[in-house]
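Asker:
Numbering (the UniProt record's numbering), first residue to last: 1 to 110.
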């Protein structure tokens, strides 16, 4: 098990080799989960990219979390990022449908 503070310190120090090892260690587990969530290899890889990018850019988010293990934190982030992306896609879809309905209503009066 990787010590929480050790992970944070390595990332804060810009230790790319350590981060690569971290990625390699959890890639398969996280990708399998992401693939189950998205049903798409490309979307699963995008989720992994987003998750690790956020960890690299903001290791304090892990530090502030209640998660003691990096694996738990990363898994939660994969799920969160998937749900966040899905909400955005669903909102865009609803907005487009509203625009189409409004266009149909407007054309009825022309």
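No residue lacks a Cβ here, since even glycine has one placed at the ideal position from N, Cα and C. Bear in mind the structure is a predicted one, so any value in this text is a computation, not a measurement.
Looking at C-alpha atoms only, which residue of 87, 75 and 59 is the closest neighbour of residue 14?
Answerer: That would be 59, whose Cα lies nearest to the Cα of residue 14.
Asker: Have a look at residue 68 and residue 74 and give me their C-alpha separation to the nearest angstrom.
Answerer: Roughly 11 angstroms separates the two Cα atoms.
Asker: Which value, in whole angstroms, describes the spacing of the CA atoms of residue 93 and residue 44?
Answerer: One C-alpha to the other measures close to 21 angstroms.
Asker: Hey, is residue 69 close to the ligand HEM, as in C-beta under 7 angstroms from one of its heavy atoms?
Answerer: Among the ligands in the structure shown, none appear at all, so the ligand HEM cannot be discussed.
Asker: Determine, using beta carbons only, whether residue 27 and residue 48 come nearer to each other than 8 angstroms.
Answerer: Against a cut-off of 8 angstroms, the Cβ pair of residue 48 and residue 27 comes out as a contact.
Asker: For the alpha helix (DSSP H) that residue 9 lies in, which residues bound it at each end?
Answerer: Taken as a continuous stretch (DSSP letters only), the alpha helix (DSSP H) holding residue 9 covers 4-12.
Asker: At what residue ranges does the segment 10-76 contain a whole run of the alpha helix (DSSP H), taking only runs of 4 or more?
Answerer: For the segment 10-76, whole alpha helix (DSSP H) runs of length 4 or above, ordered along the chain, are 16-38, 41-57 and 59-64.
Asker: How about the segment 72-88 and the segment 28-37: do they share at least three Cβ pairs that are nearer than 8 angstroms?
Answerer: Short answer: they touch.
Asker: Measure from the alpha carbon of residue 30 to the alpha carbon of each residue in 100, 76 and 106, then state which is nearest.
Answerer: When only C-alpha atoms are compared, the closest one is 76.
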